[in-house]
Amino acid sequence: MNGKATDGELGAKQSRHRLERGRGALGPALALVHTGQAPTRSVLTSRLGVTRATAGAVAAELESLGLIRVDPRPAAASGTQGRPSHRLEIAEEGPVVLAGQVHADGYRAALVGLGGRIVATAPGCVTVGADPSYVLGTLVAEGVRLLAESGRSCAGVGLAVPSAVAEPGGEALNPLHLEWPAGAPVRRLFTEAVRQHGLGVPVFTANDINLAALAEHRHGAGREAGNLLCVATGHRGVGGALVVDGRLHLGSAGLALEVGHITVEPQGRPCHCGRYGCLDVETDPLAFLRAAGREPAPGRSPLAEATRLLAEEAGEPAVRAATEALTDRLGRGLAALVNILNPDRIILGGLHRSLLEAAGPRLRAAVARDSLWGLSGSVPVRACSLAHNSLVGAAELAWQPVLEDPLSVLVPA
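322 is the number of the first residue of the sequence shown in the working numbering; add one for each residue after it.
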């Protein structure tokens, strides 16, 4: 032995060195692929600010974890120059997270992969009873059944609920449109149900509109917005969320952006909060139906019925008048939020999305008219683009530990 390393030993040492240097980049690299910002290895190299060799080692490690797939047939985008680069894709058969959503008209469980892709869903129950333990236990049982059928590994569990969720305890402070008691310990109850079914993964719970905004920012209509305001009707009432530089603005105790209680009709309907004319009761699906002189059809949710009216009977005088009235009220509420928050984009969900599609010019004019800076520069108002965005957002919570440090959560295959 002459003490000199062989070429093979040197190559292996260099590869290990590149991987060690790149371990800190595993999470950021996965997040870039997860959100569609790094479709190729060359883009990943540029976005991470590392060498091509290090980016290759990072991509290979993520592939070994079963999280991404490195396409062995590199291809350059049309019109580009230079060496073609390997494509990076989410592994289709990789791990999933279990996501759940509870709302006034039912609940649903789903398996969601990286990239925000819903892999499987269980049909939602249409009745949410007064016992949160029973509802959450049933939801988890449905999700565990989906996991067993899929054969996938589970990296985490997330839940979206129609209430402000207090931190750090995870209590649902105002489940106004459910029969649950105020302050129900939903995170504890949900975690207990998850553990009873043998899942030892991290468990998260948050407000449904917050999670919808997070999902839209990462995968939908809110991409690349620096200050994203999301307002949506949900199934009952109105919620809002703000994403600043990629993170939800939650306030000191997780209770920020209760936009449903902005007054838009001082002499309007009584609200559940004790005031009158709040956005919550003046622009939700039930308010639309009442303004149009209708009631929800038996067995049909107010959101579904209001959406149907807008799609099929928009020209009927009472429906048209209701559309105009709710559009003006919504515009006043959005203008107040623009004055306070100065967002660079607004996205609307639920019935508000349908109002935007039916009366976009009127809504945008109302926002511009009533906001302080409306005449000097309008804020883009767009429709949410993801189906089941609150479910996808619940999954984002569960994926977050993996996105931050894949090696701390997953073991290489």
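Yeah, the Cβ is synthetic: ideal placement off N, Cα and C, and Gly gets one too. Keep in mind that this is a model prediction, so the values were computed, not measured.
I believe residue i touches residue j by the beta-carbon criterion, under 8 Å. Please report the beta-carbon distance rounded to the nearest angstrom.
i	j	result
D691	R650	Actually they do not touch by this definition, with Cβ atoms about 11 Å apart.
R516	T356	Actually they do not touch by this definition, with Cβ atoms about 31 Å apart.
L707	V700	About 21 Å separates the two Cβ atoms, so there is no contact after all.
C705	L731	C705 to L731, Cβ: 31 Å. No contact.
V423	G477	That belief does not hold up - the Cβ atoms of V423 and G477 are roughly 18 Å apart, past 8 Å.
V640	A657	Contact doesn't hold; Cβ gap of about 26 Å is too wide.
F511	L457	5 Å
A485	E414	The pair is not a contact, with the Cβ atoms about 37 Å apart (cut-off 8 Å).
Helix or strand or just coil, what does DSSP make of residue i?
i	result
I668	strand
G561	strand
R429	strand
P701	coil
L488	According to the sequence displayed, residue 488 carries Glu and not Leu. Three-state DSSP puts E488 in coil, outside helix and strand.
E410	strand
A735	Look at the range of the chain in this structure, 322 to 734, and you will see that residue 735 is not part of it.
I661	helix
P506	coil
H582	helix
N531	helix
R568	strand
P360	coil
L693	coil
V515	helix
T644	helix
P727	helix
Would you kindly work out how many angstroms separate the C-alpha atoms of residue i and residue j, rounded to a whole number?
i	j	result
R362	E603	50 Å
V702	Y455	39 Å
L607	V524	33 Å
T366	R373	6 Å
A431	A443	6 Å
V433	R611	37 Å
R344	V379	7 Å
D665	P727	32 Å
A643	A716	36 Å
P746	G464	The requested residue 746 is not part of the displayed model; the chain covers only 322 to 734.
R394	E410	12 Å
A412	S471	15 Å
R596	A553	20 Å
L347	G575	29 Å
S675	L631	7 Å
F609	H709	22 Å
P733	A359	For P733, the predicted structure reports a pLDDT of 42, less than 50, and the residue's modelled location is therefore unreliable. A value from the coordinates is still provided. P733 and A359: Cα-Cα distance of roughly 22 Å.
P736	G445	Here the chain has residues from 322 to 734 only, and residue 736 is not among them.
T584	H593	13 Å
Going by CA-CA distance only, name the one from the options that's closest to residue i.
i	options	result
A451	L499, N660, H582	L499
I439	L347, V423, T366, L468	L468
G620	G427, H673, A485	G427
L672	G555, C599, G681, S385	G555
A376	P349, R394, L576	P349
H719	A536, L369, E384	Rather than His, the amino acid found at residue 719 in this sequence is Ala. Of the listed residues, the one whose Cα sits closest to A719 is A536.
D566	L549, V559, G558	L549
N531	E413, V447, A481	A481
P506	A527, H518, G521	A527
E488	E470, S471, R509, L497	R509
E518	E492, R466, S573	Residue identity differs from the one stated: residue 518 is His in this sequence, not Glu. Closest by alpha carbon: R466.
R557	L571, L497, V522	L497
E545	V564, A533, H570, A441	V564
P587	A632, E492, C599	C599
V723	P617, L386, L369	L386
L624	A679, R390, A425	A425
R390	L647, P416, R368, E633	P416
A577	V354, L494, G636, E678	L494
Any idea if residue i is buried or exposed, counting beta-carbon neighbours within 10 angstroms, 16 or more meaning buried?
i	result
R473	buried
N663	exposed
L684	buried
S711	buried
D529	buried
D601	buried
I746	Since the first residue of the chain shown is 322 and the last is 734, residue 746 is not available in this structure.
R568	exposed
R629	exposed
A562	buried
G490	exposed
G479	buried
V447	exposed
S697	No answer about S697 holds up, because its pLDDT of 46 lies below 50 and its placement is not dependable.
P682	exposed
A542	buried
G572	exposed
A533	buried
G560	buried
Just checking: is the beta-carbon of residue i within a distance shorter than 8 Å of some beta-carbon in chain C?
i	result
P502	Going by chain labels, chain C is absent from the structure shown, which holds only one protein chain.
Report whether the distance from the Cβ of residue i to the nearest heavy atom of the ligand FAD is below 7 Å.
i	result
A642	As for the ligand FAD, it is missing from this structure, which has no ligand bound.
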